[in-house]
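What follows is one structure encoded as structure tokens, with my remarks underneath.
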Amino acid sequence: MPNHPKQADPDHPVLQPIADRFSPYLYEPRAVETDKLLTCLEAARWAASSFNEQPWRFIVATREDEPAFKAALECLMDANQPWAANAGVLILTAVSTSFSRNGNPNRVAEHDLGLAAGNLSVQAAALGLQVHQMAGVNLAKVRQTYNIPEGFEPVTAMTIGYAADPNAAGEGNELADRDKGGRERKPFDEWVFAGNWGNAASL
Ligand SMILES: Cc1cc2nc3c(=O)[nH]c(=O)nc-3n(C[C@H](O)[C@H](O)[C@H](O)COP(=O)(O)O)c2cc1C
Numbered sequence: 363m364p365n366h367p368k369q370a371d372p373d374h375p376v377l378q379p380i381a382d383r384f385s386p387y388l389y390e391p392r393a394v395e396t397d398k399l400l401t402c403l404e405a406a407r408w409a410a411s412s413f414n415e416q417p418w419r420f421i422v423a424t425r426e427d428e429p430a431f432k433a434a435l436e437c438l439m440d441a442n443q444p445w446a447a448n449a450g451v452l453i454l455t456a457v458s459t460s461f462s463r464n465g466n467p468n469r470v471a472e473h474d475l476g477l478a479a480g481n482l483s484v485q486a487a488a489l490g491l492q493v494h495q496m497a498g499v500n501l502a503k504v505r506q507t508y509n510i511p512e513g514f515e516p517v518t519a520m521t522i523g524y525a526a527d528p529n530a531a532g533e534g535n536e537l538a539d540r541d542k543g544g545r546e547r548k549p550f551d552e553w554v555f556a557g558n559w560g561n562a563a564s565l
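Under the numbering used here, think of the first position of the sequence shown as 363, with each following residue one higher.
Structure, rendered in structure tokens:
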């Protein structure tokens, strides 16, 4: 994905797929190859998790399976549906809220889902794909549509697909305009502390 306007410009060198990753609004309306999808899921599978609980669950719908894709799309909030409709794959996520080993609540289940989603996003970028995660999901609808049992909570959704070139989209394309915008990140002194809360670490 060379020279996309959303490519990060990191202050310190990072792995190339981390710099390449971004959350696109403009996808090419085409399928993701099954081997690439499996590799993305495999990356999620190897994420770390508390007690190796692997509390994440993914419900996958590919655009080739039109009824399944439509059902997943309809679980998204209205604002997310128009752009997500062009992605190759839609994933709805859930977590197990307690440890299978002892039934105790797993207070880091969503943290571990985030690690799995992070792995998947970076792996996708390494394959020339882009992931866009979403909190804007109708959780009650997810639960109902997929018969999610007690002990599991739906959490997020994500798209996987090929980002389209926003500069080729022509004028007046609002989704393309979003993908032309720059990337903003907080400087270290706002969140990397040492010694006391709010003390910027001097590294
Ligand atoms: C958990 C999570 C929920 C998000 N929810 C939405 C969403 O509902 N709709 C949306 O357009 N973007 C959503 N985003 C995308 C963020 O806005 C995006 O990651 C952020 O602006 C940083 O941009 P980048 O991913 O391109 O670096 C979400 C991202 C995450 C990680």
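Backbone N, C-alpha and C fix where the C-beta goes; we use that ideal spot for every residue, glycine too.
Residue i beta carbon near ligand 1 (any heavy atom closer than 7 Å)
i       : result
His-366 : no
Asn-481 : no
Phe-384 : yes
Asn-442 : yes
His-494 : yes
Arg-545 : yes
Thr-424 : no
Thr-459 : no
Thr-518 : yes
Beta bridge counterpart(s) of residue i as assigned by DSSP
i       : result
Tyr-389 : Ala-525
Ser-458 : Phe-514
Phe-555 : Ala-562
Trp-445 : In the DSSP output, where bridge partners are listed per residue, Trp-445 has none listed.
Ala-423 : Leu-452
Any non-hydrogen atom of ligand 2 closer than 7 Å to residue i Cβ
i       : result
Ala-497 : In terms of ligand content, the structure shown lacks ligand 2 and carries ligand 1 instead.
Given residue i as reference, the closest of the options once Cα atoms are compared
i       : options                               : result
Leu-435 : Ala-487, Val-554 and Leu-454          : Leu-454
Ser-385 : Asn-468, Asn-442 and Asn-500          : Asn-442
Leu-452 : Met-496, Val-470 and Gly-490          : Met-496
Ala-406 : Glu-536, Pro-367 and Val-484          : Val-484
Pro-367 : Asp-382, Pro-375, His-374 and Thr-401 : Asp-382
Spatial distance of residue i from residue j (CA atoms)
i       : j       : result
Glu-415 : Leu-477 : 13 Å
Val-394 : Tyr-524 : 8 Å
Asp-397 : Glu-428 : 19 Å
Ala-410 : Ala-423 : 25 Å
Met-363 : Gly-490 : Any answer about Met-363 is weak, because its pLDDT of 49 lies below 50 and its placement is not dependable; what the coordinates show is given next. Rounded to the nearest angstrom, the two C-alpha atoms are 6 Å apart.
Ala-447 : Ala-502 : 20 Å
Phe-413 : Gly-532 : 50 Å
Ala-408 : Ala-433 : Sequence inspection shows Trp at residue 408; the Ala mentioned does not correspond to that position. Cα to Cα, Trp-408 sits roughly 28 Å from Ala-433.
Ser-462 : Val-517 : 19 Å
Gly-513 : Thr-459 : 6 Å
Val-504 : Phe-431 : 13 Å
Ala-538 : Gln-506 : 33 Å
Val-376 : Asp-527 : 24 Å
Phe-550 : Gly-480 : 20 Å
Residues near residue i in its chain [Cβ-Cβ closer than 7 Å; skip 5 each side]
i       : result
Asn-561 : Phe-555
Ile-380 : Val-484
Glu-515 : Ala-456, Val-457 and Thr-459
Ala-370 : Ala-381 and Arg-545
Residues near residue i by beta carbon distance below 6 Å, same chain, minus five either side
i       : result
Met-520 : Ile-453, Val-493 and Gln-495
Ile-421 : Leu-454 and Tyr-508
Ala-488 : Pro-379
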